[in-house]
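K.L.:
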Amino acid sequence: MTVARRFTFSRLLVWIFLAAIVIVSLFPFFWMLIGTTLNPNAVVAGVVIPGKEFPLNWNKAIKNYNLPVYFLNSLKIATLTVLLGVLVNSLAAFGFEKYRSNAREKVFSVFMLSLMMPQIALVIPLFKLMSSLRLLNTHAAIILPALMSPFIIFFMRQNFQMFPTEIMEAARIDGAREIYIFFRIVVPSMKASFVSAGIYMFLSQWNSYLWPLMTILSEEKKTLPIAISSMMRAYTIEYGAVMIIVGISIVPVLVLYLAMQKEFVSGLLGSVKG
Amino acid sequence: MIAPAIILYTSFNLYPILSSLNMVTRKWQGMRTTYIGLGNFARMLNDKIFWQSLGHNFLFMGIQIPIMIMLALVLAAILNQVRRGRGTLRTIFFLPCVTSLVAYSVLFRMLFQTNGLLNNLLMKLELIQSPIGWLNDPGWARATIMIALTWRWTGYNMVFFIVGMQNISNEIFEAAEVDGANKRQQFFRITMPLLRPVILFSLVTSISGTMQLLDEPNVLTWEGGPANATMTAALYIYRQAFVLNSDFGYAAALSYIVVIITAGFAFTQMKLLGRRD
Amino acid sequence: MKRALFALMAIAVLFVIVPSLSAADAKTITVWCWDPNFNGYSMKEAAAVYNKSHPEVKIQILDVPENIEGKIEAGLQAGGAGLPDIALFQDYVIEKFILNYPNAFVDLKAAGVDYSKFAVYKQGPMTEGNKIYGIPFDTGSTGLWLRADYIKAAGLNPDSYQKNMTWQDVINLGAAIKAKGGKPLLAYDTTSFDTLRIMVQSTGTQFFNKDGSLNLRTPAMEKSLAILKELNDKGLLYNAEGWNNWVSAFNNGETVGLLNAIWIIGTLKSQPGNAGKWMAVPTPRIEGVEGARNASNNGGSSWYVFSSSKNKAVAIDFLKSVWASSTPDALNFYNTILKGAGAMGTYLPSRSGSNYTAPDEFFYKQQPVYKDFAAWMENVPTLLYTPNYVAMRDAVKNAILLMFKGELKTVGDTIAHAEAEYKQVTGR
Numbered sequence: 000m001t002v003a004r005r006f007t008f009s010r011l012l013v014w015i016f017l018a019a020i021v022i023v024s025l026f027p028f029f030w031m032l033i034g035t036t037l038n039p040n041a042v043v044a045g046v047v048i049p050g051k052e053f054p055l056n057w058n059k060a061i062k063n064y065n066l067p068v069y070f071l072n073s074l075k076i077a078t079l080t081v082l083l084g085v086l087v088n089s090l091a092a093f094g095f096e097k098y099r100s101n102a103r104e105k106v107f108s109v110f111m112l113s114l115m116m117p118q119i120a121l122v123i124p125l126f127k128l129m130s131s132l133r134l135l136n137t138h139a140a141i142i143l144p145a146l147m148s149p150f151i152i153f154f155m156r157q158n159f160q161m162f163p164t165e166i167m168e169a170a171r172i173d174g175a176r177e178i179y180i181f182f183r184i185v186v187p188s189m190k191a192s193f194v195s196a197g198i199y200m201f202l203s204q205w206n207s208y209l210w211p212l213m214t215i216l217s218e219e220k221k222t223l224p225i226a227i228s229s230m231m232r233a234y235t236i237e238y239g240a241v242m243i244i245v246g247i248s249i250v251p252v253l254v255l256y257l258a259m260q261k262e263f264v265s266g267l268l269g270s271v272k273g
Numbered sequence: 000m001i002a003p004a005i006i007l008y009t010s011f012n013l014y015p016i017l018s019s020l021n022m023v024t025r026k027w028q029g030m031r032t033t034y035i036g037l038g039n040f041a042r043m044l045n046d047k048i049f050w051q052s053l054g055h056n057f058l059f060m061g062i063q064i065p066i067m068i069m070l071a072l073v074l075a076a077i078l079n080q081v082r083r084g085r086g087t088l089r090t091i092f093f094l095p096c097v098t099s100l101v102a103y104s105v106l107f108r109m110l111f112q113t114n115g116l117l118n119n120l121l122m123k124l125e126l127i128q129s130p131i132g133w134l135n136d137p138g139w140a141r142a143t144i145m146i147a148l149t150w151r152w153t154g155y156n157m158v159f160f161i162v163g164m165q166n167i168s169n170e171i172f173e174a175a176e177v178d179g180a181n182k183r184q185q186f187f188r189i190t191m192p193l194l195r196p197v198i199l200f201s202l203v204t205s206i207s208g209t210m211q212l213l214d215e216p217n218v219l220t221w222e223g224g225p226a227n228a229t230m231t232a233a234l235y236i237y238r239q240a241f242v243l244n245s246d247f248g249y250a251a252a253l254s255y256i257v258v259i260i261t262a263g264f265a266f267t268q269m270k271l272l273g274r275r276d
Numbered sequence: 000m001k002r003a004l005f006a007l008m009a010i011a012v013l014f015v016i017v018p019s020l021s022a023a024d025a026k027t028i029t030v031w032c033w034d035p036n037f038n039g040y041s042m043k044e045a046a047a048v049y050n051k052s053h054p055e056v057k058i059q060i061l062d063v064p065e066n067i068e069g070k071i072e073a074g075l076q077a078g079g080a081g082l083p084d085i086a087l088f089q090d091y092v093i094e095k096f097i098l099n100y101p102n103a104f105v106d107l108k109a110a111g112v113d114y115s116k117f118a119v120y121k122q123g124p125m126t127e128g129n130k131i132y133g134i135p136f137d138t139g140s141t142g143l144w145l146r147a148d149y150i151k152a153a154g155l156n157p158d159s160y161q162k163n164m165t166w167q168d169v170i171n172l173g174a175a176i177k178a179k180g181g182k183p184l185l186a187y188d189t190t191s192f193d194t195l196r197i198m199v200q201s202t203g204t205q206f207f208n209k210d211g212s213l214n215l216r217t218p219a220m221e222k223s224l225a226i227l228k229e230l231n232d233k234g235l236l237y238n239a240e241g242w243n244n245w246v247s248a249f250n251n252g253e254t255v256g257l258l259n260a261i262w263i264i265g266t267l268k269s270q271p272g273n274a275g276k277w278m279a280v281p282t283p284r285i286e287g288v289e290g291a292r293n294a295s296n297n298g299g300s301s302w303y304v305f306s307s308s309k310n311k312a313v314a315i316d317f318l319k320s321v322w323a324s325s326t327p328d329a330l331n332f333y334n335t336i337l338k339g340a341g342a343m344g345t346y347l348p349s350r351s352g353s354n355y356t357a358p359d360e361f362f363y364k365q366q367p368v369y370k371d372f373a374a375w376m377e378n379v380p381t382l383l384y385t386p387n388y389v390a391m392r393d394a395v396k397n398a399i400l401l402m403f404k405g406e407l408k409t410v411g412d413t414i415a416h417a418e419a420e421y422k423q424v425t426g427r
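Protein chains in written order, with numbering that gives the first Met the number 0: chain A, 0 to 273; chain B, 0 to 276; chain C, 0 to 427.
Set out below in structure tokens:
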């Protein structure tokens with residue numbers, strides 16, 4: 000399918016359109032990078048020429064704010080959520096898809112309904128629950144509720160549809176136990192789907208804000224989004240340092256996405272077969 | 000196999016929701032609770048601010064989601080035909096959605112403030128005469144929220160559409176070409192219908208996201224301002240519970256209304272999604 | 000499969016248990032406040048004074064600029080888990096906590112603090128019957144801050160405005176400067192309630208009745224809104240959205256002045272280039288309202304000890320011996336934070352300190368601003384907040400914004416709109 004040469008004018012329009020979208024998409028990032036080199040007044044004034052204050056801003060970000068602590072906290076929370084969450088959800092999805100029963104379908108519908116559940120409805124009672132479990136101000140309070148995700152179950156179930164049931168049956172005949180089938184046969188051959196689910200879970204946990212804001216009380220347990228937003232509420236805002244922390248908060252997700260782009264996209268492929 | 004998911008679901012989803020039924024019938028402030036029966040629901044009926052907030056959710060849904068989905072479809076259709084630089088462009092368009100909510104709200108607030116970069120730029124280009132109140136005029140503030148949402152999520156949906164389009168076999172298009180269908184006809188007659196499940200999937204996630212909208216109006220437009228113009232249901236509930244007079248009972252009752260409404264939505268969508276071709 | 004799963008679950012549980020095992024050091028006092036250059040700085044100075052006589056006590060001061068009340072609410076719900084020993088509360092928010100969480104705070108009157116030595120207006124919100132829970136920290140005594148150089152540039156004499164003015168005088172001044180091509184008179188934060196609050200409180204009028212019901216239909220409200228409307232209609236306000244834009248408006252010389260409390264002084268001084276330009280005059284008086292005077296208050300906060308604190312005795316002793324004592328060390332401490340951060344305490348004996356009366360180089364003609372604000376503080380009327388203060392504040396703030404936009408035409412409409420929103424939001 001090549002676009003015929005004779006449509007040069009419309010081709011030009013398409014390229015202008017694409018260029019505009021590229022600029023709009025990238026501009027905030029570009030501005031953020033410049034911001035890391037400016038003093039706070041210049042950031043507010045909207046200067047778009049790089050300055051020389053990067054080292055100063057970097058020092059502030061490291062010394063005045065516990066950047067490494069926030070970073071490690073975020074990383075720990077997101078990683079644990081992904082590891083445990085992908086396991087729990089993919090097991091459930093596999094169960095729903097390959098061991099169907101009426102009861103299971105009912106449970107699945109209930110799960111799907113809660114996909115639409117507004118988080119805020121959960122926040123208050125969940126908060127009370129966490130407080131009675133004495134889990135407030137712990138990272139567990141952030142991880143536990145995020146593990147089971149109806150969206151990921153739905154997503155993985157779509158993916159498992161592609162997995163041929165015959166292979167499982169053959170393995171069973173060979174005497175393999177279900178646990179073996181799942182970890183040794185299903186997981187290796189569905190890597191891309193797991194990667195997609197993992198990236199998705201990482202992204203949403205890495206960026207989560209409201210719930211950690213409510214449950215985390217002490218400085219040494221703060222996550223990056225919480226740190227950024229509290230820096231923005233301060234009486235004097237160190238914009239340059241904020242820009243650095245914002246930039247750093249983007250790096251892991253970006254690296255993850257770029258490194259696993261292929262798997263991510265082909266994992267999505269499995270879920271949107273329809 | 001389903002057991003762990005069920006356990007987690009019951010403890011951190013189902014149980015809290017059911018236990019909050021107890022709060023709904025109470026005025027629940029701090030350590031003081033009083034049983035007031037259906038009092039919270041009676042109060043809700045007179046609470047125009049809440050219904051307006053809910054209205055804003057629907058407004059954002061009705062305007063922003065169609066624009067975003069169309070834009071994403073167009074981008075996907077273009078990228079699907081581009082040969083060189085497809086991967087790079089896809090990554091660039093996807094980039095906005097990897098930024099954290101807080102980070103991008105912060106960037107946008109600085110860009111959109113009255114004396115911010117955007118207004119300066121528009122004035123220099125002489126597109127506008129005086130600064131636009133992106134954040135402090137009710138209409139513009141709503142537009143700003145929608146612009147921000149579109150910036151963040153268009154690329155995300157686009158990736159799904161690209162993948163969906165790649166699944167449509169080329170033979171269909173070739174056959175259509177032989178039959179004399181032009182690109183536009185191909186897009187509307189072939190691509191769109193075959194993408195239906197993917198589009199529905201995008202719709203479901205977008206609608207559920209918009210129903211939960213809280214952080215953008217909280218950070219970007221100062222707690223749903225100006226004058227509640229960008230207040231959403233979720234933000235209003237949050238404020239009732241944690242900012243105003245901490246009435247957890249009333250907040251829980253409001254949540255139930257939102258749950259019932261979204262459940263209605265979800266049900267319709269499930270019906271649509273469940274129909275598999 | 001189940002075993003693997005349980006192993007993973009066990010890891011999760013470990014993450015839960017390990018942090019709760021690390022018990023706090025018995026001699027550490029944790030304090031929450033929200034501005035490292037102001038109240039955080041003051042607390043640090045206080046800690047240094049206390050450590051001279053009690054070197055074994057470690058006082059840890061944490062900056063919690065976001066959602067501090069939400070976090071405290073969270074901690075109180077959790078029976079004190081995660082809470083510090085001492086926290087700073089805005090005066091306008093504490094009534095809600097005292098009411099909603101009985102016995103959450105230590106009664107400091109019973110612990111022997113002499114309240115006759117603190118400014119009376121600070122004690123209203125922290126009192127419940129015979130109990131008084133807080134140690135008053137700073138005053139929000141207000142004044143009108145003006146740029147003398149801008150007044151001069153308009154051909155006027157700054158000295159002739161250093162007097163008790165009415166709002167009409169102020170509007171005339173603003174119009175005169177504007178007529179000469181000058182800047183707008185006041186920086187106005189459209190997301191904030193401060194200006195109106197200062198105006199209404201200057202008359203001694205309350206936003207609430209004694210029974211807690213709303214009281215917006217007052218001459219003070221009507222006059223204040225009319226003045227705001229006139230200021231805005233005449234282009235005398237520089238509308239900025241949010242605290243940071245508001246600050247950069249006056250710090251970057253976009254306005255002739257601002258109306259706010261003494262605690263803004265640190266922000267003003269953060270721009271050394273403006274030295275010699277600023278002056279402070281008394282809060283303008285609202286003419287024709289009974290009780291109107293040239294003094295008001297905005298903001299101000301106080302320290303509270305949580306009953307859940309494991310080191311209650313130490314925390315109380317710390318607050319008592321530094322913040323509520325007339326020892327030379329303590330008085331010297333108040334004198335230090337005044338100069339260091341512009342933090343003006345409400346402990347009356349401290350007002351004899353040398354920094355209160357010293358001429359201040361930063362101000363026009365070395366005005367001794369602290370002495371002036373301290374003098375104005377004596378006339379500040381007490382304000383009744385009630386637990387619904389925030390709901391009232393936001394409703395009025397929103398109505399003012401709509402009035403500025405021209406959507407609400409009259410003062411009467413504006414009040415009615417605020418009342419309606421308040422009623423909807425609070426259900427009262």
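All residues carry an ideal CB built from backbone N, CA and C; glycine is no exception.
It should be emphasised that the depicted structure is a prediction, and the values quoted were computed from it without experimental measurement.
Taking Cβ-Cβ distances shorter than 8 angstroms, what residues in chain B pair up with TRP205 of chain A?
P.N.:
Position 206 of the first sequence, counted from the start, is the residue given in the question as residue 205 of chain A. Ordered by position in chain B, the residues that pass the 8 angstroms Cβ test against TRP205 of chain A are SER99.
K.L.:
Would the beta-carbon of LEU87 of chain C fall within 7 angstroms of that of ASN50 of chain C?
P.N.:
To locate residue 87 of chain C, count along the third sequence from 1; it is residue 88. To locate residue 50 of chain C, count along the third sequence from 1; it is residue 51. The answer is no: Cβ separation not under 7 angstroms.
K.L.:
May I ask you to verify whether the segment 390-403 of chain C touches the segment 185-199 of chain C, counting CB pairs closer than 8 angstroms and requiring at least 3?
P.N.:
Segments in contact, yes.
K.L.:
Helix, strand or coil for ALA260 of chain C? Go by DSSP, reduced to three states.
P.N.:
Counted from its first residue, the third sequence places residue 260 of chain C at position 261. Strand.
K.L.:
Mind checking LEU12 of chain A: buried by the 16 CB within 10 Å criterion, or exposed?
P.N.:
Stepping through the first sequence from its first residue, residue 12 of chain A is reached at position 13. Exposed, by the Cβ-count rule.
K.L.:
Could you check the C-alpha separation between LYS270 of chain B and ILE167 of chain B for me, to the nearest Å?
P.N.:
In the second sequence, counting from the first residue as 1, residue 270 of chain B sits at position 271. In the second sequence, counting from the first residue as 1, residue 167 of chain B sits at position 168. Cα-Cα distance, rounded: 24 angstroms.
K.L.:
Using 7 angstroms as the limit for Cβ to Cβ distance, is LYS70 of chain C near chain A?
P.N.:
Residue numbering aside, residue 70 of chain C sits at position 71 when the third sequence is read from its first letter. At least one chain A Cβ lies under 7 angstroms of LYS70 of chain C.
K.L.:
Please report the distance separating the alpha-carbon of ILE235 of chain B from that of ASN244 of chain B.
P.N.:
Here residue 235 of chain B is taken as the residue at index 236 of the second sequence, counted from 1. Here residue 244 of chain B is taken as the residue at index 245 of the second sequence, counted from 1. Note on identity: in this sequence residue 235 of chain B is Tyr, with Ile being the wrong assignment. If I take the Cα positions, the gap works out to 12 angstroms.
K.L.:
Under 7 angstroms Cβ-Cβ, which residues of chain B neighbour THR420 of chain C?
P.N.:
Taking the third sequence and counting its residues from 1, the one referred to as residue 420 of chain C is at position 421. It should be noted that the sequence gives Glu, not Thr, for residue 420 of chain C. What GLU420 of chain C touches in chain B: ILE48.
K.L.:
Going straight from the alpha carbon of ASN231 of chain C to that of VAL106 of chain A, what length do you get?
P.N.:
Against the third sequence, residue 231 of chain C aligns to sequence position 232. Against the first sequence, residue 106 of chain A aligns to sequence position 107. When rounded, the distance between both Cα atoms is 60 angstroms.
K.L.:
In the DSSP assignment, what residue or residues form a beta bridge with LEU140 of chain C?
P.N.:
The count along the third sequence starts at 1 and reaches residue 140 of chain C at position 141. Reading off the sequence shown, one finds Ser at residue 140 of chain C, where the question assumed Leu. C:ASN296, per the DSSP bridge assignment.
K.L.:
So which residues of chain B does TYR428 of chain C contact, with C-beta pairs closer than 7 angstroms?
P.N.:
For chain C, the structure presents residues 0 to 427; residue 428 of chain C sits outside this window and is missing.
K.L.:
Name, going along the chain, the residues of the segment 115-132 of chain A whose beta-carbon falls closer than 8 angstroms to a beta-carbon of chain B.
P.N.:
Taking 8 angstroms as the Cβ-Cβ cut-off against chain B, the residues of the segment 115-132 of chain A that qualify are MET115, MET116, PRO117, GLN118, ILE119, ALA120, LEU121, VAL122, ILE123, PRO124, LEU125, LYS127, LEU128.
K.L.:
Alpha carbon to alpha carbon, how far is ALA340 of chain C from ASN36 of chain C? Give it in angstroms, no decimals.
P.N.:
In the third sequence, the residue the question calls residue 36 of chain C occupies position 37. In the third sequence, the residue the question calls residue 340 of chain C occupies position 341. Distance between the alpha carbons of ASN36 of chain C and ALA340 of chain C: 7 angstroms.
K.L.:
Would you verify that the beta carbon of VAL185 of chain A is, or is not, closer than 7 angstroms to some beta carbon of chain C?
P.N.:
The residue you call residue 185 of chain A lines up with position 186 of the first sequence. False, the Cβ-Cβ gap to chain C never drops below 7 angstroms.
K.L.:
Please list the terminal residues of the continuous beta strand (DSSP E) segment that includes PHE88 of chain C.
P.N.:
In the third sequence, the residue the question calls residue 88 of chain C occupies position 89. Run containing PHE88 of chain C: 85-89, per the beta strand (DSSP E) assignment.
K.L.:
Compute the Euclidean distance between the alpha carbons of LYS108 of chain C and TYR114 of chain C, then round it to the nearest angstrom.
P.N.:
Here residue 108 of chain C refers to the residue found at position 109 of the third sequence. Here residue 114 of chain C refers to the residue found at position 115 of the third sequence. Cα-Cα distance, rounded: 7 angstroms.
K.L.:
Could you spell out where the alpha helix (DSSP H) holding TRP375 of chain C opens and where it closes?
P.N.:
Counting from one through the third sequence, the residue named residue 375 of chain C turns up at place 376. That run of the alpha helix (DSSP H) goes 368-376.
K.L.:
Taking only the alpha-carbon atoms, compute the straight-line gap between VAL242 of chain B and ALA77 of chain C and give it to the nearest angstrom.
P.N.:
Taking the first residue of the second sequence as position 1, residue 242 of chain B is located at position 243. Taking the first residue of the third sequence as position 1, residue 77 of chain C is located at position 78. Going from the Cα of VAL242 of chain B to the Cα of ALA77 of chain C covers about 18 angstroms.
K.L.:
Compute the Euclidean distance between the alpha carbons of MET177 of chain C and VAL46 of chain A, then round it to the nearest angstrom.
P.N.:
Residue 177 of chain C sits at position 178 when you count from the first residue of the third sequence. Residue 46 of chain A sits at position 47 when you count from the first residue of the first sequence. The sequence given here has Lys at residue 177 of chain C, not Met. Going by the C-alpha atoms only, they are around 29 angstroms apart.
K.L.:
Which residues, in order along the segment 233-249 of chain A, keep a beta-carbon less than 9 angstroms from a beta-carbon of chain B?
P.N.:
From the segment 233-249 of chain A, only TYR238, VAL241, MET242, ILE244, VAL245, GLY246, SER248, ILE249 have a Cβ closer than 9 angstroms to chain B.
K.L.:
Using a 10 Å radius around the Cβ and a threshold of 16 neighbouring Cβ atoms, would you call GLY81 of chain C buried or exposed?
P.N.:
Mapped onto the third sequence, residue 81 of chain C falls at position 82. So GLY81 of chain C ends up on the buried side.
K.L.:
Name the two residues that bound the continuous beta strand (DSSP E) containing LYS26 of chain B.
P.N.:
Working through the second sequence from its first residue, we reach residue 26 of chain B at position 27. From DSSP, the beta strand (DSSP E) with LYS26 of chain B extends over 25-28.
K.L.:
Here's a check: name, in chain order, each residue in its chain whose Cβ is nearer than 6 angstroms to the Cβ of ALA23 of chain C, leaving out the five neighbours to either side.
P.N.:
Within the third sequence, residue 23 of chain C is the residue found at index 24, counting from 1. Reliability of the predicted coordinates at ALA23 of chain C is poor, the pLDDT of 46 falling under 50, and the value obtained from them is presented with this limitation in mind. Nothing meets the Cβ criterion.
K.L.:
For the segment 196-226 of chain A, which residues have a beta carbon sitting closer than 9 angstroms to at least one beta carbon of chain C?
P.N.:
Those would be LEU212, MET213, THR214, ILE215, LEU216, SER217, GLU218, LYS220, ILE225, in chain order.
K.L.:
For chain C, find out if any of its Cβ atoms is closer than 7 angstroms to the Cβ of LEU243 of chain B; answer yes or no.
P.N.:
Counting from 1 along the second sequence, the entry for residue 243 of chain B is found at position 244. So, interface residue.
K.L.:
One question on the structure: do ILE184 of chain A and ALA92 of chain A come within less than 7 angstroms of each other, judged by their Cβ atoms?
P.N.:
Position 185 of the first sequence, counted from the start, is the residue given in the question as residue 184 of chain A. Position 93 of the first sequence, counted from the start, is the residue given in the question as residue 92 of chain A. No.
K.L.:
For my contact list, ARG284 of chain C and ASN296 of chain C are in at a C-beta cut-off of 8 angstroms; report their separation, rounded to the angstrom.
P.N.:
Within the third sequence, residue 284 of chain C is the residue found at index 285, counting from 1. Within the third sequence, residue 296 of chain C is the residue found at index 297, counting from 1. In fact, because the Cβ distance is near 15 angstroms, the residues do not count as touching under 8 angstroms.
K.L.:
Give every residue of the same chain whose Cβ lies closer than 7 angstroms to the Cβ of TRP57 of chain A, excluding the five residues on either side of it in the sequence, and list them in chain order.
P.N.:
Locating residue 57 of chain A in the first sequence gives position 58, where the first residue counts as 1. Result list for TRP57 of chain A: ILE243, in chain order.
K.L.:
What residues of chain B sit near SER24 of chain A, judged by a beta carbon separation below 8 angstroms?
P.N.:
Residue mapping note: residue 24 of chain A aligns to position 25 of the first sequence, counting from 1. Going along chain B in sequence order, the residues near SER24 of chain A (Cβ under 8 angstroms) are ILE91, PHE92, LEU94, PRO95, TRP150, GLY154.
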